[in-house]
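Here the structure comes first, spelled out in structure tokens, and everything after it is commentary.
Numbering (the numbering used here), first residue to last: 11 to 551.
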């Protein structure tokens, strides 16, 4: 029987369908669309108009016109494919912002904890950082209006803190260790939404760059990160595209170009009304012949798959992880005067060997995502050529066999890490207790924790005794998760790892979180092993 959760969370899947996009060119205004579509038959459009009018005028209950129309348009778009979508005006800005690479506001990350707005992180270079807002600060008033103890929601806080560049907002803050309320006037500014979330030397000679989307500024961010790593002893690179749902086509082309020799085919697109358009590498690549590993997983989609597919089909680098999402279509955004838009699939894209990696979607949206969920249980955990039909096998210029059938199949498969899982850990996760405990722990011990200069020192000294774990057990119990001795014995190491990672996140944001997680990340550790083996092999020659 199919997992009912797939259907319960269908609205979330629709949101993910919009996120896993790849976009060609600029956003189009609706006036630029050829009106020949109306040649389909005037009477059909009269019928649609008449139905709306009958509902609005004659239906037994009052009906919201906008909700009716928006809902109808959403259904129409869903009938096409999983990634064509209608976006109502109220959602468009929030959906576009991550791809634009910036928004306008005060530059903080926050969470509502015990009915209080708590600053989790202050974005480097943003207005709040400049004037002295700190992680752990409690915002109690905004523009003279109380926001603590009044049942405020996240969206309400966002609405009052965001605003046009150059506008001002007053905030009143309580800070641990001070008795007086701190008053700040913040001038809103442009806040970057970074797509390169971490870049650092994970070993003495191996660098890692993680990209979580392909925005308008991704290539620029990548170049900056790469230049910083290149100033060190960079001999091997890990490009982490796990969980990256896609974004702009141009960003993925530019990134792939960095790793491929001049005139290598990166990909091509083709559609009913879109003639074949091929994209080739240029001479600009700065990392064309040094050791490279790309990490992907089941949530790496569209633009991520273009990069992974281009490298795999050109025999460049090693792909490690799990089969990617399987989204092989290209959308164009058309915007309407009321602020709404559609994202319409206009072409399919193909990897250099001719693979279209789009998964089948002819049984509906729920089935489409259910198959993704189910795939991990059905596929072999090793690459077995007998599992794939001959029609799904393609040959690279170097003579390697690569596979179609939906998504990019890695060169090295790494199973999902389930070691340490238990029902006790599941209950802890479902209540978000490790993150919540880590915040409280950091908040109470921030000054002492910041004496640890970096994540490596924190890792060596935090939780060297069992005191913190006992404190966490009591915290979990007080929040409704009863202690399970068997489950704790199974999951203790994993719980400790996540608490340390979340503490590091609270102290140094992504620069603390990811290095702590990567220590026990099987994909990353396999990538390091592969790059070290390649380096040692080169030294032996």
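Glycine residues also receive a C-beta, built at the ideal position from the N, C-alpha and C atoms. Since we're looking at a predicted model, the values are computed, not measured.
Status (buried if at least 16 other CB within 10 Å, exposed otherwise) for residue i
i           : result
residue 488 : exposed
residue 187 : exposed
residue 460 : exposed
residue 64  : exposed
residue 424 : buried
residue 493 : exposed
residue 220 : buried
residue 94  : buried
residue 85  : exposed
residue 480 : exposed
residue 416 : buried
residue 217 : buried
residue 234 : exposed
residue 362 : buried
residue 458 : exposed
residue 189 : exposed
residue 543 : exposed
residue 285 : exposed
residue 250 : buried
Cutoff 7 Å; reference residue i; Cβ partners in own chain excluding five residues on either side
i           : result
residue 91  : 339, 355, 371
residue 430 : 500, 501, 503, 504
residue 138 : 116, 117, 118, 132, 196
residue 281 : 356, 357, 358
residue 213 : 538
residue 526 : 465, 469, 510, 511, 514
Nearest-angstrom Cα separation, counted from residue j out to residue i
i           : j           : result
residue 147 : residue 491 : 28 Å
residue 59  : residue 78  : 12 Å
residue 288 : residue 128 : 49 Å
residue 482 : residue 367 : 45 Å
residue 48  : residue 57  : Because residue 48 carries a pLDDT of 44, less than 50, the predicted location of this residue cannot be relied on, and no value is offered for it.
residue 121 : residue 486 : 19 Å
residue 279 : residue 182 : 53 Å
residue 540 : residue 273 : 28 Å
residue 343 : residue 70  : 37 Å
residue 236 : residue 205 : 14 Å
residue 532 : residue 177 : 46 Å
residue 264 : residue 226 : 11 Å
residue 327 : residue 296 : 14 Å
residue 73  : residue 66  : 6 Å
residue 325 : residue 462 : 43 Å
residue 311 : residue 110 : 18 Å
residue 411 : residue 427 : 27 Å
residue 406 : residue 512 : 42 Å
residue 259 : residue 452 : 40 Å
residue 105 : residue 256 : 13 Å
Neighbourhood of residue i by C-beta distance below 8 Å, restricted to the same chain and skipping five residues each side
i           : result
residue 80  : 96, 98, 350
residue 6   : Residue 6 is absent from the structure shown; the chain starts at 11 and stops at 551.
residue 545 : 215, 245, 246, 301
residue 497 : 432, 433, 434, 435
residue 382 : 308, 335, 336, 369
residue 552 : Residue 552 lies beyond the residue range present for the chain, which begins at 11 and ends at 551; the question has no answer from this structure.
For residue i, three-class secondary structure by DSSP
i           : result
residue 139 : helix
residue 405 : strand
residue 538 : helix
residue 380 : helix
residue 85  : helix
residue 498 : helix
residue 113 : strand
residue 12  : Its pLDDT being 44, under 50, residue 12 is placed unreliably in this model, and the value from its coordinates should be taken loosely. If DSSP states are grouped into helix, strand and coil, residue 12 belongs with coil.
residue 217 : strand
residue 202 : strand
residue 473 : coil
residue 144 : coil
residue 531 : coil
residue 180 : strand
residue 131 : strand
residue 120 : strand
residue 412 : strand
residue 460 : coil
Close beta carbons around residue i, own chain, < 6 Å, minus the five adjacent residues each side
i           : result
residue 261 : 224, 228, 229
residue 113 : 107, 201
residue 136 : 117, 201
residue 159 : 125
residue 248 : 218, 303, 537
residue 360 : 278, 366
residue 507 : 530
CB contact check: residue i to chain B, cutoff 7 Å
i           : result
residue 274 : Protein chain content of the structure displayed is limited to a single chain, and chain B is not contained in it.
Ordered list of beta strand (DSSP E) runs contained in the segment 219-302, each at least 3 residues: 246-250, 275-281, 284-290
Enumerated in chain order, which unbroken segments of the beta strand (DSSP E) with a length of 3 residues or greater are wholly contained in the segment 309-379? 328-331, 339-345, 351-360
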